[in-house]
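Below you'll find the structure, written out as C-alpha cells, and then a few comments.
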Amino acid sequence: MKDIIQTPDAPAAIGPYSQAVTFGNLVITSGQIPLTPAGDLVDGGITEQTEQVMANLKAVLAAAGTDLDRVVKTTVFLADMNEFAAMNAVYEAHFRAPYPARSTVQVARLPRDVRVEIEVMAELH
4 MKDIIQTPDA PAAIGPYSQA VTFGNLVITS GQIPLTPAGD LVDGGITEQT EQVMANLKAV
64 LAAAGTDLDR VVKTTVFLAD MNEFAAMNAV YEAHFRAPYP ARSTVQVARL PRDVRVEIEV
124 MAELH
C-alpha cells in the first residue's frame, strides 16, 4: 500500500505527480528543484539553488516522518557537470557518514531552466 506525502513547506507539484510516496518502509521523493514553498525560483547560482533543494527535501521527508539521516539513495541532476564541486560542497554539508548511495548525471535541461534537481529514497522511522 502506498501513501501520498504532501506538505505546504515545500513547493507544490507542478504536474501530475506527488511530492513523495511512501511504500512499505520507504519514502520516495519526486525530484526537488530550487523553488520556494511559494513556488518562486531562488535567485543565485548553483550554491543557492542546491541549498533550496535540500531545504525542500528536508520538508518533504519531515512530512513523511523521516529525515536526511535515513536517506539511502540520492540522484542528482545537474545542468552543468562543471558545477559538481559547488553542488557537492552544499550536499556534503547536509549528509553525514555513512553517506547514501548516489548517482549524479548531467542533463540537457531541467524544469524552469534550473541548475540542479535532486530526488531521494529514505527509510521511514
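The number in my numbering is simply the position in the sequence shown, starting from 1, with 3 added. Beta carbons: idealized from backbone N, C-alpha and C, even for Gly. The structure presented is a predicted model; accordingly, all values stated were derived computationally and were not measured.
| field | A13, DSSP secondary structure in three states | value | Looking at A13 - three-state DSSP - the assignment turns out to be coil, as it is neither helix nor strand.
| Any chance the stretch 67-83 sits against the stretch 114-123, with 3 or more Cβ pairs inside 8 Å? | Verdict: yes, contact present.
| said: Let's test the definition: count the other Cβ atoms within 10 Å of the Cβ of R118 and tell me whether it reaches 16, buried, or not, exposed. | reply: Per the 10 Å Cβ criterion, buried.
| The beta strand (DSSP E) with M90 in it runs from where to where? | Taken as a continuous stretch (DSSP letters only), M90 belongs to no beta strand (DSSP E), being part of the alpha helix (DSSP H) at F87 to H97.
| R112 in three-state terms, based on DSSP | Correct three-state label for R112: coil.
| said: What residue range does the alpha helix (DSSP H) around M57 cover? | reply: Per DSSP, the unbroken alpha helix (DSSP H) holding M57 starts and ends at I49 to A67.
| request: Would you identify the three-state DSSP class for L38, choosing helix, strand or coil? | output: L38 carries a strand assignment under DSSP once its states are collapsed to helix, strand and coil.
| field | Rounded separation between G68 and L127 - CA only | value | Cα to Cα, the separation comes out at about 6 Å.
| Residues bridged to D6 by DSSP? | Within the DSSP bridge table, the entry for D6 names T25 as partners.
| request: For R118, name the three-state secondary structure that DSSP assigns. | output: Coil at R118, not helix or strand.
| field | Cβ-Cβ separation, T53 to M84 (assumed contact under 8 Å), whole Å | value | With 8 Å as the limit, M84 and T53 do not qualify as a contact, their Cβ atoms being about 14 Å apart.
| request: Following the continuous beta strand (DSSP E) through L81, name the residue where it begins and the one where it ends. | output: V74 to L81 is the span of the beta strand (DSSP E), which, as asked, contains L81.
| task | Pull up the CB-CB distance for P37 and D12, whole angstroms please, since I reckon it's below 8 Å. | result | With 8 Å as the limit, P37 and D12 do not qualify as a contact, their Cβ atoms being about 15 Å apart.
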